[in-house]
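8 protein chains.
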Amino acid sequence: MDEKFLKNILESVQSNALSIDDAITKLRYLPFEDLGFVTIDHHRSLRQGFAECIWGKEKTAEQILTIIKRMMDKEHPIIVTRVDQEKAEYIIKTIPTMHYHNVPKMLTFVPQEIKIAGKGVIMVISAGTSDIPVAEEAVITARMMGNRVETLYDVGVAGMHRLVNQLGKLDQARVFIVVAGMEGALPSVVGGLVSKPVIAVPTSIGYGANFGGIAALLGMLNSCASGVTVVNIDNGFGAGFVASLINRL
Amino acid sequence: MDEKFLKNILESVQSNALSIDDAITKLRYLPFEDLGFVTIDHHRSLRQGFAECIWGKEKTAEQILTIIKRMMDKEHPIIVTRVDQEKAEYIIKTIPTMHYHNVPKMLTFVPQEIKIAGKGVIMVISAGTSDIPVAEEAVITARMMGNRVETLYDVGVAGMHRLVNQLGKLDQARVFIVVAGMEGALPSVVGGLVSKPVIAVPTSIGYGANFGGIAALLGMLNSCASGVTVVNIDNGFGAGFVASLINRL
Amino acid sequence: MDEKFLKNILESVQSNALSIDDAITKLRYLPFEDLGFVTIDHHRSLRQGFAECIWGKEKTAEQILTIIKRMMDKEHPIIVTRVDQEKAEYIIKTIPTMHYHNVPKMLTFVPQEIKIAGKGVIMVISAGTSDIPVAEEAVITARMMGNRVETLYDVGVAGMHRLVNQLGKLDQARVFIVVAGMEGALPSVVGGLVSKPVIAVPTSIGYGANFGGIAALLGMLNSCASGVTVVNIDNGFGAGFVASLINRL
Amino acid sequence: MDEKFLKNILESVQSNALSIDDAITKLRYLPFEDLGFVTIDHHRSLRQGFAECIWGKEKTAEQILTIIKRMMDKEHPIIVTRVDQEKAEYIIKTIPTMHYHNVPKMLTFVPQEIKIAGKGVIMVISAGTSDIPVAEEAVITARMMGNRVETLYDVGVAGMHRLVNQLGKLDQARVFIVVAGMEGALPSVVGGLVSKPVIAVPTSIGYGANFGGIAALLGMLNSCASGVTVVNIDNGFGAGFVASLINRL
Amino acid sequence: MDEKFLKNILESVQSNALSIDDAITKLRYLPFEDLGFVTIDHHRSLRQGFAECIWGKEKTAEQILTIIKRMMDKEHPIIVTRVDQEKAEYIIKTIPTMHYHNVPKMLTFVPQEIKIAGKGVIMVISAGTSDIPVAEEAVITARMMGNRVETLYDVGVAGMHRLVNQLGKLDQARVFIVVAGMEGALPSVVGGLVSKPVIAVPTSIGYGANFGGIAALLGMLNSCASGVTVVNIDNGFGAGFVASLINRL
Amino acid sequence: MDEKFLKNILESVQSNALSIDDAITKLRYLPFEDLGFVTIDHHRSLRQGFAECIWGKEKTAEQILTIIKRMMDKEHPIIVTRVDQEKAEYIIKTIPTMHYHNVPKMLTFVPQEIKIAGKGVIMVISAGTSDIPVAEEAVITARMMGNRVETLYDVGVAGMHRLVNQLGKLDQARVFIVVAGMEGALPSVVGGLVSKPVIAVPTSIGYGANFGGIAALLGMLNSCASGVTVVNIDNGFGAGFVASLINRL
Amino acid sequence: MDEKFLKNILESVQSNALSIDDAITKLRYLPFEDLGFVTIDHHRSLRQGFAECIWGKEKTAEQILTIIKRMMDKEHPIIVTRVDQEKAEYIIKTIPTMHYHNVPKMLTFVPQEIKIAGKGVIMVISAGTSDIPVAEEAVITARMMGNRVETLYDVGVAGMHRLVNQLGKLDQARVFIVVAGMEGALPSVVGGLVSKPVIAVPTSIGYGANFGGIAALLGMLNSCASGVTVVNIDNGFGAGFVASLINRL
Amino acid sequence: MDEKFLKNILESVQSNALSIDDAITKLRYLPFEDLGFVTIDHHRSLRQGFAECIWGKEKTAEQILTIIKRMMDKEHPIIVTRVDQEKAEYIIKTIPTMHYHNVPKMLTFVPQEIKIAGKGVIMVISAGTSDIPVAEEAVITARMMGNRVETLYDVGVAGMHRLVNQLGKLDQARVFIVVAGMEGALPSVVGGLVSKPVIAVPTSIGYGANFGGIAALLGMLNSCASGVTVVNIDNGFGAGFVASLINRL
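Chains as they are written, first to last, in the numbering used here: chain A, -17 to 231; chain B, -17 to 231; chain C, -17 to 231; chain D, -17 to 231; chain E, -17 to 231; chain F, -17 to 231; chain G, -17 to 231; chain H, -17 to 231.
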């Protein structure tokens, strides 16, 4: 049901060509999906203050380019995740205002200065050097979503003292993202030190019985610290996104 | 938005107290979920020719009883699955018109003779004696949904000749439900013999590397016969239900 | 036992050289596999109205070519699945009347206009852009089997409103194929909206704890909607095939 | 090193019995763990505004009782999770001021009216009737932590319209806890409708290829909605706890 | 097609009422499954020199009794596996000539002295005391199938010298059944010492990462000794059966 | 202890330089591993009538060449498994008398005509075209071990009639090797038709929920036919080897 | 070959009835397993300074009793693991000198004061209260093997400060056994703090995605601390045993 | 808190500018992490007699080079694991004093002769030729840590006699590292022969149901020999490291 159709009904009511009861009946049996302009979408649009996000992995450079172009009309920042160097270069050739972050393999577009919408600092902590690409995916995502982000890298459990030495810093953050591979114990440790929500990101870093991140994932799901929730393996983007949702509260 | 509210708007339009454009605006920003009477439900009700179904497993006899009573007002047949003997007896004491099927552990209520809605015969085939409870769950479900059902039990792959000897019978069915545990090969064999849809039901029957039906489930998902689809382990009810959907076409 | 041998027996009976009882005995102890011309095959041939199908994945271009040539004598349409671009080009060089579909990586041969054998519309729905290759495999398969097919792509669960807006369209289909990766929830949603059989196809799209499609597969097997059956991961062909079987009923 | 020991050093410095350099040396070589009152604990104590929590499952009634008694000296509320009826009755006989919640099998002790510390409403949504015990564990936990909690039960994916009809209600919450078994798709749907953090709790409800909640867990980890994080299977307590951390922000 | 129908055809041929060609055509298009008396069964009957076997686990005492009675008409020995004490006593009360083996929980019936059909000795070796019930299931099965059986128990890998001390004995056997739980290494060791077929039976004995026999199963499938084949976890019966097939050669 | 040392002891005994008791004591405390010439090896050598086998997969062409050369001194046939084309060509350049089988990727060396040591025919059956490389590995192995081998390819379960038509042929074999991927049901079917040992070889052929051969492996381990034992996924060599052991009996 | 036979040979040599070469030949072809008194066993007996160990789980009280009685002749201490209360009482009734430890469910027998054989202290650390039974199994085992043992319980990762506060104590131990369930992170933390071997024992404590200890096991195998090795889930005995082996060095 | 700050406090106490109670308060509320000079690090430094270790796998040659250079200032030996040939050559071009071990793919730097710190011999045993790279990783690691190492390669379970023949050699070692793929049974066998700690290293060598080393891992975790502990799949470095810790005791 487009607007015109609704107008017709209302005009008929106004002109008494249609009784109110008949108008209600007519509306009642319209499948709501045809109401069109009264959809769930305006709820979703609330979220559109956020950057637009494109999952780049299975898409060709050409496909990504097409989507970006369509999105650029709106004034939103744009994030493309999991874009390898080659695709990125192809896209930047056409849209030189995009920026490539080669550690987390992300492309971003910032039409105007990003307004800080998050109320506090999001602290991104990672266990090992190899976890940094995933951590950086979270960092870039959170920054694009309008947050101040600080990082604390290379503070794995076996070097716990490095973390303990930063307790003061920890106290200043509002949300934590903790990125770890191998046994995935770092979120438990952080969760035991802070009283803020901790979003744990297992990474696929490791070998053997790590099973591509399953060991870390299970470690985090079974965390003995109560403030820990978990996202998918290597899902730095998801962690950055949900941390942004929390930091806006 | 209840009906009264909609009426108010329409009356305001009728009395020219509200311009048509303003009325549209008002309606536009009403979240559609408040329209209430224009829901998805009338789509769903199409399906309500079907029997009402209650999953009995985690419910107490008392809880089941309450739900049944509420449902009995409608004239629909009622199916309760996974009800053990003791619960069943408790319920029948109160509603003696219910019938307990002790092999598939189901309770049924048939308010009036079930009309045959399925256009052909649903053939339920099972591999071993131990698979019969699951097969019977499918049988009862399909019958309660208004289908003629025939059965062919104990025709496992290792005794393939028994199946081959029934080829004539197979030709007369319109939909097949094939129930098997252990290696779950029977649906492949049936799918190789007939040109009708085959719904495969893995059962948890077996031991050791059967892993509670996983071996059978994987066997069926990897069937080399193309007409086979699969439902969850021991899900006789689901198979009977979807076979009924197909048989009504 | 070839025909000649049977003829001998019958001639001996005719000429009274063999008593009827002895003839029966002779036939009785012949292993039936030697009867040859009285095989299961004439049952299978019923299905041969269907297109011939070749699984291309592990075969060389040369092997596929050989099989196609042998099949082309019959007047059937031919489908080859999982053929990469290079193999396809090699084959088309020899048989230019074949057509390559590069999204689902299929080769098809249509000797004459395909007769519509399916009685209604098969609706193929996919969750994400990346699921389209699998969805298209189902589409092409179903079309080659003589069905009218409609598609509804990119209506994943997180964008449920897009699906809800198409409810009217959903009502017009007779069989559904729902293709989804990640959490595989779309078939449950569709199954809750329609009263027709839903064939769920999990795809290997996703990463991390998706485990190459297992998450989607388990999601579908555990669907809380009763009309859903499942085929193997990425098995668009199987879904198209079984939907065709159902749509002919 | 207790306070007295430190006092001694300082007094010796004050009285010049100990040189400053020697005092530093003394302090330097004390392993810091003996400083006692300068531990991490004062960080943790921030969190102690929260209720005290006891994991009851593997403990005997006697052990739980001992721990509760020790805790009652502080004025904190107390939560005991996973306590069966029998243990609960044993404990209540001794401490009649404790209250048993038999659906989520929790014992609580509320020394004085709980102050509302959470800034908004925590909405707990569950898919099926059988998921309610886990949902209620989250509810009680969040309430004991000082939050206003609302619930929306039995709005599973296959009955999506029930959820859609409550969109208005959804808009009023600040944090969501979504509890679901079977295919675990509900958090994705909620995450697609709201722009607030969603904590997904998989339950072990289901059978067959559900694998005690793994299907739901994987479904949630692979959610296509970005605002979703996950806790362990059946971990209503953890969800309530982390939702409380978020709601205090 | 029953015999009468075939007789009719033959009589019509004999009386020249039916031409030979027409008779052939008639027979040709009869689905062979109706020939009845020319089935696969006479192939199977070759195997019927073997004892009749009943899988007792999911059957009630009453059901087992019924099957035994029907089988006793033939003169075959009868084996019932996985019968608990209680069921066994119920059955023996009615058929006192049956014998219960309480270690492997089997019931046997020996109508007349079992003829030795196996040409050599079957050696059953087990690793630990706890593996003996499965080993005994193999022993009884092989004896009932007409084999001489010897046993070598408690010779696990960690006590390898006990096995090495029996090398002479090993040389005298024709087929080996090696039963082991835990890491399942014993079949590899035996396979390295002998040049006869080794049938490995993993048992569910162990705990923790044994996963109910999976560790042992995988160990055996990956055996570095080439003469080893594997049966299902705890499948002593299957091992005894296939060893009997081999020993008859 | 080498021979000389033993000689010394014996000479001292002979010359009365050493009492018999002291000699016994001396021998008693010699660790037996030093006896050297009285090792297990002479037991193993019994098996050396068999071809020498080299696992080629992780070895370089150079390493394989070295091992072959050392082995060629003995007059045994030599088998090298899992050798890709490139390595094979490198080796044949040096030893032109070796033969490469490119389907199963094996190299063989036959110094003189292989004597038939197996007493009957080994029948190798495979389900699909793609299973042939594994089947051929079994065939070549069994032939190199001195067996007559026959093959029956492409007789998968969905085309069961092709198998049924060959029942006569099946009766003539002494040992069966059945190779199948996907659902792995073929060994169950063969095991139901014959009364000889069946060695099942799961292959990694398939996709999706096949999990690289696990579906087939589980199917075979759970076979409802009792005469079936299983070897590792794709282990054609192992099947050929153990079939040879059986066929020599 | 028993001693007498060897004596015969030597006497024949002494009396020149047998030439030295013939004697060597005679000995050479005796399979060494018949040498009997020159077995591996004297190597093993070195280990017999250790307590005798009986795995009690699958054994009846009667069976355990029999084994204990046979062992009591030697003067060794005896350990029986996994004995439930009821069995223990039955055994103690007969052998009142045995002692039952009801936390780790062990029976021990100490014939005389255990000599301290371990050179340092074995420190057993556990994460949670529920891990104590497994920890105590390690403690009792190590004490029975002649070690001084200290314990540090309830110092889980989320309460890391409690561990940090005990650093001084940690420095005094020679071998560590760290017992933890849930995410199993404690061994990594301990391994990061100490420079001694750490034996990690995963426990089955936890729920949901803990999978009976797999999460903890994987966490430990993937430990980022290099000094950590792992034993089976709940294997306190094994940890105590290997720690004893190390502590004797 | 640096030393100066502490000095200030103490001076103020000495000069009575600060009361003792206020000084205590000041110290009390200093987060201990700022105490700096009283950190955990001095505990860790004990371990620094060991070589410095770099995990090379996910690092670029450039990154590794940077870390090495920084480390070379200290006089420690340096180990880099998992460095492929190409990276190694790049690094050696800059630092020609480094040495590349191409079998275990390790780079080492030895500033001065390594002092023997281990008290006995570490024996590294491997099952198959393909396990040697992992075994060599253990060997190089242990040597760099100051141990005498001996090796015993290619003594797999199926060729157990080769191991048995080396019993004398086994007696001379103090710690064992046993490396095995496939079924992983070798550590059990070694553990049954020796009374020293055995560190088992599963390798990913094998195929099919080996699952990249899981079969070997499970085999080792379920070892029936009590002196066996396990490290991660292919973790030769970890085994070498922990063996060094033990050998220093």
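The beta-carbon is built from N, C-alpha and C at its ideal position, and this holds for glycine as well.
Where do the ends of the alpha helix (DSSP H) carrying residue i lie?
i, result
"G171(A)", "According to the sequence provided, residue 171(A) is Val. The question's Gly does not apply to it. It spans 168 to 175 - the alpha helix (DSSP H) in which V171(A) sits, taken as one unbroken run."
"L203(A)", "196 to 203"
"E44(A)", "43 to 54"
"R130(A)", "Counting along the chain, R130(A) falls outside any alpha helix (DSSP H), though it belongs to the beta strand (DSSP E) covering 130 to 134."
Beta strand (DSSP E) containing residue i: first to last residue?
i, result
"P184(F)", "180 to 184"
"S272(H)", "With chain H covering -17 to 231 only, the question about residue 272(H) has no answer from this structure."
"I215(F)", "Here I215(F) belongs to no beta strand (DSSP E), and DSSP marks it neither H nor E."
"V116(B)", "Premise fails: V116(B) lies in the alpha helix (DSSP H), 114 to 126, not in any beta strand (DSSP E)."
"V157(B)", "157 to 162"
Distance check for residue j and residue i, CA to CA, integer angstroms please.
i, j, result
"V157(H)", "V180(H)", "6 Å"
"D55(B)", "E34(B)", "12 Å"
"G110(H)", "V171(A)", "41 Å"
"Y72(C)", "T42(C)", "10 Å"
"A124(E)", "D216(E)", "15 Å"
"L(-12)(D)", "A(-1)(H)", "18 Å"
"R230(G)", "V210(G)", "19 Å"
"T79(F)", "K51(F)", "12 Å"
Tell me, which residues are paired with residue i by DSSP?
i, result
"M88(F)", "H83(F)"
"V210(E)", "V180(E)"
"V65(E)", "DSSP, once it has assigned bridges, lists no residue as partnering V65(E)."
Against chain D, with Cβ distances strictly below 7 Å, would residue i count as a contact?
i, result
"S112(G)", "yes"
With a threshold of 7 Å between beta carbons, is residue i in contact with chain C?
i, result
"I181(B)", "yes"
Counting contacts by CB-CB distance shorter than 7 Å, is residue i in contact with chain H?
i, result
"R29(A)", "Note that R29(A) scores a pLDDT of 43, beneath 50, so its modelled location is shaky; the value from the coordinates is reported in the next line. No, its Cβ sits nowhere closer than 7 Å to a Cβ of chain H."
"A191(A)", "yes"
At least one CB of chain G closer than 7 Å to the CB of residue i: is that the case?
i, result
"I215(D)", "yes"
Given 8 Å, three or more beta-carbon pairs between the region 175 to 192 of chain G and the region 102 to 122 of chain G:
yes
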